[in-house]
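Here's the structure, in structure tokens; my notes come after.
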Amino acid sequence: MENKSHAFVAINKPTIITAISATMSLTDKYTNKSYTNKFKLLVVELSDKVGGNRKAAELLGCSESNINDLKKQVPDRKDAPENKHTVKLNQQVSKWPEIERRVLAFIDERKANGLRFSRAMLHLEANKAAKDLHIKNFKGSTGWCSKLLRRTNNHILNQTKIIQNPPHQFEDKITEFKRIVIQHLRDCNYQLMCFGNVDETLINMDMIPRSSVNNKGEKTIVMQATGYKNSNYTVVLAAMANGDKLPPMLIFKRKKMPKCTFPKGVVVHCNEKGRVDKEACKIWIRKVWKNRSNDIREKSLLICDRLPIHLTPEVAQEVLETNTDVAVIPAGLRNILQPIDVSLKNSFKAELRDRLMAWMAAGEYTHKKMEKIKPPPLDMCAKWVKESWDEIKKPLIIKAFNECCIQIHPDYESNEETEVDEHLPMEEESYDDEMQFSDSRELIGGDHVDEN
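Residue numbering for the sequence shown follows UniProt numbering, beginning at 1 and increasing consecutively.
Here is the structure:
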């Protein structure tokens, strides 16, 4: 391109230099580079000063259509930050402004009260507003909720959590554990209704939600809570490989049993720590494990984690009476090999958290002195636990056992395959005290662990 002399304002990224005449082409200086919003607005200003887009394009060494596009974007770029390189253009006008106004008011109200959000809640509120306004062609999908949050400078904030690192050689331990369980199932020919998993989980009286909606850039969110973050109780959950669920057991931190009436279908126990101890294990075996629908004399298999209380002689003697073998998950691998811990516990806690937040949003709580909210009653906690556990569907339980332990259902397609040689004999070798599997008569490999 020939260098042409024109009276214009020469543009440079860091500075703006005024020149009467310019004989230098800017092609070599600015080709294939990213420009700020401020620079692009100056290009539009230059085209007006030199008398047209074509002359400005010749001076800058760019296409005339690029300058035409920049002129169309001027209304959107004027309000954007100067140092920003990309600007969202042509903001779409809302098709249903009344619905959005109702939803945004709902967001502001819950923000002021410190209550949680989710896309599902916004979806329900939008459909409710459309029904009240007699709008029939409104779908209000999850994608619509996401676009609304983006247009209004809001986003979903999630609480992060540090995951425990797996132990050394964990892949070999996983393969060995699955191989032993599969081989033992083949040798003893267990029925699916006799193959179960039990796990204990700690439930906080103040279950703060893990996600909410707030303005972009905000690092903290104010959430309403009862203030009893140190008050908790233990829930013992158990499920069978055929999808059946056993009644949940609640362990409250009390010396005496409360006088309230608990719903049917739950087992309630109290001790001073609110944790699983020898007595709690015995009660669970007698009232839950022994009272299954199938014949208790039929040989069973129970998978549990390596909690020291599970390995005590008293608990083993109680398990012995039920004709049950016990498979102990290797240390540090419960989040990989335990079906309840992997697939069911999070869904259960999410249902429980939703009921707690709905109770707080409805204002059904009472206050103590200094306007402190009282925790939910124990009978209400038991009701929530039962309802939340009932929400866990049978296909999810079957999928959990297939993914974590073995492929017990032939028609189930798993993403992870565990190859086991049918003629491979059972090996007695184990990884020290990390993995044990045996008949309950020998107390899980014969290792007696004291409670303390």
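For glycine and all other residues, C-beta sits at the position ideal for the given N, C-alpha and C.
So, are the CB atoms of residue i and residue j less than 8 Å apart?
i, j, result
"Ile-329", "Arg-306", "yes"
"Leu-378", "Pro-258", "yes"
"Cys-281", "Ile-251", "no"
"Lys-299", "Cys-145", "no"
"Glu-100", "Leu-148", "yes"
"Leu-344", "Ile-397", "yes"
"Pro-375", "Met-205", "yes"
"Ala-130", "Val-103", "no"
"Asn-153", "Gly-140", "no"
"Asn-197", "Ile-340", "yes"
"Thr-234", "Val-181", "no"
"Leu-46", "Ala-56", "yes"
"Tyr-190", "Leu-301", "yes"
"Lys-84", "Asn-37", "yes"
"Leu-60", "Val-44", "no"
"Ile-392", "Phe-348", "yes"
"Lys-273", "Lys-255", "no"
"residue 509", "Arg-119", "Since the first residue of the chain shown is 1 and the last is 452, residue 509 is not available in this structure."
"Gln-338", "Asp-172", "no"
"residue 453", "Pro-167", "Since the first and last residues shown for the chain are 1 and 452, residue 453 lies out of range."
"Ala-241", "Leu-192", "yes"
So, under 8 Å CB-CB, residue i and residue j are touching, yes? Tell me the CB distance rounded to an integer number of Å.
i, j, result
"Ile-336", "Ile-135", "Not a contact, Cβ separation roughly 48 Å."
"Phe-170", "Leu-333", "6 Å"
"Gly-243", "Lys-95", "Going by Cβ atoms, the distance from Gly-243 to Lys-95 rounds to 44 Å, so no, they are not a contact pair."
Which residues in the same chain as residue i place their Cβ atom closer than 7 Å to its Cβ, once the five residues preceding and following it in sequence are excluded?
i, result
"Val-288", "Ala-238, Leu-246, Pro-247, Met-249, Val-267"
"Ala-80", "Asn-37, Val-87"
"Arg-110", "Phe-117"
"Ala-105", "none"
"Phe-123", "The displayed chain sequence assigns His, not Phe, to residue 123. Excluding positions up to five away in sequence, the list reads Gly-140, Thr-142, Cys-145."
Can you list, in chain order, the residues of its chain whose CB lies under 8 Å from that of residue i, leaving out five sequence neighbours each side?
i, result
"Val-342", "Asn-335, Ile-336, Ala-400, Glu-403, Cys-404"
"Leu-352", "Ile-203, Met-207, Trp-384, Val-385, Ser-388"
"Asn-230", "none"
"Leu-356", "Met-207, Pro-376, Trp-384"
"Thr-324", "Trp-289, Lys-299, Ser-300, Leu-301, Leu-302, Ser-440"
How would you call residue i, buried or exposed, if buried means at least 16 neighbouring beta carbons within 10 angstroms?
i, result
"Cys-304", "buried"
"Asp-48", "exposed"
"Gly-51", "exposed"
"Glu-321", "exposed"
"Val-319", "buried"
"Glu-314", "exposed"
"Thr-312", "buried"
"Cys-260", "exposed"
"Asn-137", "exposed"
"Asp-354", "buried"
"residue 465", "In the structure as shown, the chain begins at 1 and stops at 452. Residue 465 is therefore absent and cannot be evaluated."
"Val-236", "buried"
"Glu-279", "exposed"
Only counting the same chain, and skipping five residues up and downstream in sequence, which positions put a Cβ closer than 6 Å to that of residue i?
i, result
"Leu-133", "Glu-98"
"Glu-125", "Val-103, Phe-106"
Please give the ranges of any alpha helix (DSSP H) in the stretch 141 to 180, keeping only runs that are unbroken, at least 4 residues long and fully inside the region. 142 to 151
Go through the stretch 310 to 359 residue by residue and report every complete run of the alpha helix (DSSP H) that reaches 4 residues or more, in order. 313 to 320, 334 to 337
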